[in-house]
Structure formats: C-alpha cells, structure tokens
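Under this note's numbering, the residues of the first sequence are numbered 8 to 99, in order.
Even glycine gets a Cβ: it sits at the ideal position worked out from N, Cα and C.
Data block below; observations after.
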Amino acid sequence: MTSLFQEKVFKIVAKIPKGETMTYKRVALFAGKPRAYRAVGNILNKNADPKIPCHRVMRSDGKIGGYNRGAEIKESLLKKEGVVIRNRKIVH
DNA sequence: CGTATGACGTGCA
DNA sequence: GTGCACGCCATAC
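What follows is the structure in structure tokens.
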C-alpha cells in the first residue's frame with residue numbers, strides 16, 4: 008500500500024512540531040491534493056502508526072475530531088503537549 | 001470494476 | 001451558534 012499520497016501524508020504529519028496542530032485540509036493541501044482531506048483521515052485511521060503523531064491533526068473547525076485510540080486520548084495528548092483546548096475545540 | 005464507507009469541509013436553513 | 005445535506009477523495013470489499 009505504498010501509495011504516494013499516503014506517504015506524503017505520513018511525512019507531513021510526522022513533521023508537525025510538538026505543541027502545534029494541523030488540519031486535515033492543510034495536510035491534504037501539503038500532500039498536493041487540497042480536496043483529499045477525507046482521504047487523509049481515512050488513511051490515518053487505517054494505519055494509526057505510533058510513530059505518526061496523527062493526534063496533532065484536527066478538523067478545520069478546531070474540533071478534535073476522532074482518533075483510533077479514542078478522541079479522549081487525542082485530546083489528552085494535545086493538552087499534554089501544550090495545546091489549549093476549549094470545549095473540545097482548539098483555541099487558535 | 002462498481003459500490004459503500006469515513007479521523008472531513010462548506011453552504012444553507 | 002447549531003444542525004442537516006451535499007460534495008470530495010482514497011481505500012476496502
């Protein structure tokens with residue numbers, strides 16, 4: 008399954024600095040397919056590698072969204088990294 | 001190869 | 001500000 012899109016997505020997500028967050032749309036845009044934000048979430052969902060900080064990827068609305076290990080874990084990790092969350096939403 | 005699904009996004013009521 | 005419907009792309013079956 009070494010699709011180019013998936014590889015790009017992983018690479019981009021892995022480059023997200025600690026304490027920073029990126030939206031699915033932004034990742035898809037960096038991957039070269041600004042309309043593939045859906046596919047980005049799908050790929051991350053089916054691959055969920057512990058090496059990939061996919062918990063730093065959220066929705067454009069600032070919502071936490073989902074996580075393979077549970078959205079609660081995702082929120083906890085973000086908070087731990089210094090991300091300020093307000094009502095389950097990222098304070099940008 | 002065609003249909004269905006999903007960690008989404010935007011628009012409109 | 002909230003909720004619903006449509007659209008969009010890559011995978012899975």
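Query	Result
One or two residues paired with Met-29 in a DSSP bridge	Val-64
Test item: CB-CB of Arg-66 and Tyr-31 under 8 Å	yes
From Gly-26, Ala-43 and Arg-95, residue whose alpha carbon lies closest to that of Arg-33	Ala-43
7 Å Cβ shell around Lys-97 - same chain, five flanking residues per side excluded	The sequence as given places Ile at residue 97; Lys does not occur at that position. Hits under 7 Å: Thr-28, Met-65, Gly-69 and Val-90.
Gly-39 versus Arg-45 - alpha carbon distance	14 Å
Inter-residue Cα distance where the pair is Lys-25 and Ile-80	16 Å
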